[in-house]
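**Student:**
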Amino acid sequence: MEKLITKLVGIENSERIDVYRAHGGYEALPKALKMAPDAIIQVMKDASIRGRGGAGFPTGLKWSFLPKNNPKPRYLLCNADESEPGTFKDRVIIEHDPHQLIEGLIISSYAIQTNTCYIYIRGEYTRGAKILNQAIDEAYASGYLGNNILNSGYNLDITVHRGAGAYICGEETGLIESLEGKRGWPRTKPPFPAVVGAFSSPTIVNNVETLVSPVHIINRGADWWKANEPKLYCVSGHVKYPGVYERKLGINLKELIFDVCGGIANGRQLKAVIPGGSSVPVLTPDEIDVAMDFDALNQIGTALGSAGCIVMDDTTCMVRALWNLLKFYAHESCGQCTPCREGVHWLEMICDRIENGQGRMEDLDLMLEIANNIAGRTICPLGDAAAWPVAGMPDKNKGGNLSGKSFINKFRSEFEYHITHKQCLVTGHLEWN
Amino acid sequence: MTQEFTTENQALIDRLIQRYPQKQAALLPVLHIAQKQFGVINDAVMKLVSRTLDIPVNRVQDVVSFYTMYSTRPVGKYHIQVCRTLSCACRGAEPMLEYLEQQCGVKCGEGVSADGKFSIVTVECLGSCGTAPVMQVNDDYYDNLTRAKIDELIATWKRS
């Protein structure tokens, strides 16, 4: 398949503007600047692109929520706070092809008619921030940023803003609070950021991968995009060749693991796959003959999320794996809402006691009940993100309660083994090559 | 003791503030600059940041205590941050952490080694899952870590 987003990966000095231009870079921008801003939004709608950050919200629709005739300035925030466990795709774009992102940001900013864009990058990505700043300097020097871009009369400034280590700042309103110099405490919605966002002004927040898409949608057209939609998949864990792979949206998960990533390493057997970042329900080997797209994964009770695919082999202790994730969410809960602040810690502590041989059989239903009391009862989706691995996603047939289809019920016998035998069934977590 | 930014850092901060519609929005980047200059964000540094951005010192404390990257206690010359989250755990982060503790002579989360060189903490997903196990040392990532790689790194750092 022709690579678009990762075209420059592996090419020498790919982060430099001359290399980007030599490979067709900054060709979409003059075309976009000749279009009416609303026409670009319409093309994004026609392309039906859905957000790549995790929620999968239609991008063109989000952009069209900006209020007309509001005298306040607007802002575009590029969410580069990539922190969902198992996700490392935006870093590839930032480090290998920063100008692709900058071109996408200029087109997107023009489409939504803002003159100020911030790239909120997670604090740990110091290398990425440095590369972006160098690329932004090059773009200013070449007339792609600043005043009167390519003699179009359009002005834009981009600033890189580093976070400081908080998963919650990847949630769009937490990100806005953090940009404003505060704790990343998510805001109650409505009002949505498109109406009241950063600095009380209309604001659009989109993921890095989402914001490079306008470059290709403008170059190739909405119809081409719909027929060939590229998507970055991150595969980690026990596969032979982990990494970021650009494939057509909807690649079969089995093909992704066994053909693209060479299957399970060390001749072992597949035990479980988390298909879309740590927040989505886990799949068993008999469930992986599925298309990695938004709808197909929803139909089997999980989600594409951030396309961070974590593969586990048969030496993985599922109790310890779940505990590992719960410890993550307990650490990253911002502490604002009681169900998440308290409930996620309870889940972690109960799972910890099962893992350490002090579990009780009733703990399993207790965990499912706690998860159900967190999900849907918090300001932001972090509560859901912690509850879903435990107890599955909301199920219409259960009145919106969680389906129960994830770690505990899919691997219940292993959890029960832990409780009765007071030890792990398998101990792959103790191995290190 | 009153702390001051270097002239160079003060100029950097003045430029930064111009990038935001509100001065206080520069708080996170200014704290990064402060940590780089002073090595630690203590009370005196927080007072300096508060003066620099015209915001109450309790607001600065509020933010410093929320984000994990600001160190309120001294760290080693090599501050080792080991990713403990699932993809790294699948590839050996737990035994790797134990090995690092032995080699560096300091336990995770328990301050700085006797020679002042090392401190170790665990951190959540560093976004480098495809090259697990991973650690960040000061600003830099080290990935696909094996015992041999760690031996080599630590030997270099001990000599430095």
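From first to last, the protein sequence lines stand for chains A and B.
So in numbering that gives the first Met the number 0, spot 5 of the first sequence is number 4, and the numbers just go up one at a time.
So in numbering that gives the first Met the number 0, spot 61 of the second sequence is number 60, and the numbers just go up one at a time.
Think of the CB as a built atom: it goes at the ideal place given N, C-alpha and C, for glycine as much as any other residue.
Along chain B, which residues have their Cβ under 9 angstroms away from the Cβ of Glu137 of chain A?
**Tutor:** Ordered by position in chain B, no residue passes the 9 angstroms Cβ test against Glu137 of chain A, which lies about 18 angstroms from the chain.
**Student:** When the Cα atoms are used, what is the spatial distance from Ser199 of chain A to Leu178 of chain A?
**Tutor:** Ser199 of chain A and Leu178 of chain A: Cα-Cα distance of roughly 12 angstroms.
**Student:** Against chain A, does Glu163 of chain B count as a neighbour if the rule is that its beta carbon must be under 8 angstroms from one of theirs?
**Tutor:** Residue numbering for chain B in the displayed model covers 0 to 159; residue 163 of chain B lies beyond these limits and cannot be assessed.
**Student:** Please compile the residues from chain B whose C-beta is within a distance smaller than 8 angstroms of the C-beta of Cys233 of chain A.
**Tutor:** Within 8 angstroms Cβ-Cβ: Cys128 and Gly129.
**Student:** Determine, using beta-carbon pairs with one atom in the region 44-57 of chain A and one in the region 206-222 of chain A, whether at least three such pairs fall under 8 angstroms.
**Tutor:** Taking 8 angstroms as the limit for Cβ pairs, the verdict is that the region 206-222 of chain A does touch the region 44-57 of chain A.
**Student:** Note down the Cα distance separating Tyr232 of chain A from Gly103 of chain A, rounded to an integer number of angstroms.
**Tutor:** 20 angstroms
**Student:** Is the Cβ of Trp431 of chain A closer than 8 angstroms to any Cβ of chain B?
**Tutor:** yes
**Student:** Return the chain-ordered list of same chain residues with a C-beta closer than 8 angstroms to the C-beta of His215 of chain A, the five sequence neighbours on each side being excluded.
**Tutor:** Leu3, Ile4, Ala27, Trp224 and Pro229
**Student:** What three-state label does DSSP hand Ala271 of chain A in the structure shown?
**Tutor:** strand
**Student:** Checking 8 angstroms against the spacing of the C-beta atoms, do Asn260 of chain A and Val234 of chain A come in under that value?
**Tutor:** The displayed chain sequence assigns Cys, not Asn, to residue 260 of chain A. For Cys260 of chain A and Val234 of chain A, yes; Cβs fall inside 8 angstroms.
**Student:** Grab me the residues of Ile54 of chain B's own chain with a C-beta within less than 6 angstroms of its C-beta, minus the 5 sequence neighbours each way, in chain order.
**Tutor:** Closer than 6 angstroms at Cβ, skipping near neighbours: Gln23.
**Student:** Applying the criterion that 16 or more other CB atoms from any shown protein chain within 10 Å of the CB defines a buried residue, is Pro190 of chain A buried or exposed?
**Tutor:** Counting of Cβ neighbours within 10 angstroms places Pro190 of chain A among the exposed residues, the total staying below 16.
**Student:** Could you tell me which of A:Thr209, A:Ile299, A:Asp313 and A:Ala320 sits nearest to Gly85 of chain A, measuring between CA atoms?
**Tutor:** A:Ala320
**Student:** Using the DSSP secondary-structure output, state which residues sit across from His78 of chain B in a beta bridge.
**Tutor:** B:Ser118
**Student:** Of all the options A:Ser212, A:Ala386 and A:Ser405, which has the alpha carbon lying nearest to the alpha carbon of Thr283 of chain A?
**Tutor:** Checking every option, the nearest Cα to that of Thr283 of chain A belongs to A:Ser405.
**Student:** Along chain B, in chain order, which residues have C-beta atoms closer than 9 angstroms to that of His428 of chain A?
**Tutor:** Going along chain B in sequence order, the residues near His428 of chain A (Cβ under 9 angstroms) are Ala88, Cys89, Gly91, Ala92, Glu93 and Pro94.
**Student:** Name the residues in the region 404-424 of chain A whose C-beta lies less than 7 angstroms from a C-beta of chain B; which are they?
**Tutor:** none
**Student:** Once you ignore the five residues that flank Val56 of chain B on each side, which residues in its own chain have a CB closer than 7 angstroms to its CB?
**Tutor:** Met45, Lys46 and Ser49
**Student:** Just list the residues that DSSP pairs Tyr244 of chain A with in beta bridges.
**Tutor:** A:Tyr232
**Student:** Where does Pro94 of chain B fall in DSSP's three states?
**Tutor:** DSSP places Pro94 of chain B in helix when its eight states are reduced to three.
**Student:** Can you pull out the residues from the region 24-38 of chain B whose beta carbon lies closer than 8 angstroms to at least one beta carbon of chain A?
**Tutor:** Ala24, Ala25, Leu26, Leu27, Pro28, Leu30 and His31
**Student:** In chain order, what residues of the same chain have a beta carbon less than 8 angstroms from the beta carbon of Gly50 of chain A, not counting five sequence neighbours either side?
**Tutor:** Phe56, Pro57, Thr58, Lys61, Asn205, Asn206 and Thr209
**Student:** Helix or strand or just coil, what does DSSP make of Gln135 of chain B?
**Tutor:** In the structure shown, the three-state DSSP call for Gln135 of chain B is strand.
**Student:** Determine the chain B residues that contact Met311 of chain A at a beta-carbon separation under 7 angstroms, and present them in chain order.
**Tutor:** Result: Cys89.
**Student:** At a Cβ threshold of 8 angstroms, is Phe87 of chain A touching chain B?
**Tutor:** yes
**Student:** Note down, in chain order, every chain A residue with its Cβ under 9 angstroms from the Cβ of Pro73 of chain B.
**Tutor:** Simply none; closest approach about 18 angstroms.
**Student:** Can you tell me where the beta strand (DSSP E) holding Thr115 of chain A begins and where it ends?
**Tutor:** Thr115 to Ile120
**Student:** Take Leu26 of chain B as the anchor and find which of A:Glu176, A:Phe410, A:Pro36 and A:Gln357 has the nearest alpha-carbon.
**Tutor:** A:Glu176
**Student:** Under three-state DSSP, which class holds Cys260 of chain A?
**Tutor:** coil
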